[in-house]
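Chemist:
Chains as they are written, first to last, in the working numbering: chain A, 1 to 120; chain B, 1001 to 1120.
1) Counting only Cβ pairs nearer than 7 Å, list the residues of chain A close to residue 1028 of chain B.
2) Nearest CA to the CA of residue 30 of chain A: which residue from B:1096, B:1009 and B:1104?
3) I'd like the span of the beta strand (DSSP E) that includes residue 74 of chain A, first residue to last.
4) Hey, how far is the Cα of residue 25 of chain A from the Cα of residue 83 of chain A?
5) Using a Cβ-Cβ distance cut-off of 8 Å, determine whether residue 1070 of chain B contacts chain A.
6) Could you tell me which chain B residues have their CB closer than 7 Å to the CB of residue 80 of chain A, listed as they occur along the chain?
7) I'd like to know if residue 21 of chain A contacts chain B, where contact means its C-beta is closer than 8 Å to some C-beta of that chain.
8) Does the Cβ-Cβ distance between residue 93 of chain A and residue 1032 of chain B come in under 8 Å?
9) Three-state secondary structure (DSSP) at residue 1027 of chain B?
10) Take residue 1074 of chain B as the anchor and find which of B:1053, B:1087 and B:1091 has the nearest alpha-carbon.
11) Please state the DSSP three-state secondary structure of residue 20 of chain A.
12) Distance cutoff 8 Å, beta carbons only. Does residue 34 of chain A sit that close to anything in chain B?
13) Count the other CB atoms within 10 Å of the CB of residue 102 of chain A; is the residue buried (16 or more) or exposed (fewer)?
Listed below in structure tokens is the structure:
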């Protein structure tokens, strides 16, 4: 049985760990389109159900999805704050990198010797 | 010695693997501000140089940074396409999730029984 987890505070270590595998990313790629029963997401994958459930457990333990059992059906859904936290961290780094690259461009431009065209 | 790697095609498995550790994220947080010599990034971290170099090797093997040796100094720099690929994947998932959440809102609104205010 998959363990049931409540939503919890975003954790970048576990968020990125869950994302470092193609099957786990495919599970998330399915769940961003809406909640689904456990048996359903296994169908498009060329792996057996036990292997699939193992991946699902990792994604849930890592806090990117939650699951809830109602009768005999377990439904999985995205835990969006984890996804958003990971994206926000990356966007911030890319923004800093871009600012640094822009400063380098500015520096190169101001340090360039004037060419023949400029001297005319 | 750190192995020297050329820039390579983005790989989401290794990109997210590199990001799943706070020291490795801190290394990237330093390198987005510009290239730096190997000894320099170790200074703000409360870990020994051997542990630091081990983390650096993982980040390089995972393709998020490259390094180049000139004389006795090894300089590390971001491999931006890896960072951008990871961010782009996450942004796409968040966008799909948002669209799905918006559709659910629309559905709930159209299915809601009209309240007393609407009936007036």
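For each residue, glycine too, the CB sits at the ideal point set by N, CA and C. No experiment lies behind these values; they were computed from the predicted model shown.
Modeler: Let me spell this out:
1) 93
2) B:1096
3) 73 to 78
4) 11 Å
5) no
6) 1097
7) yes
8) yes
9) helix
10) B:1053
11) coil
12) yes
13) exposed
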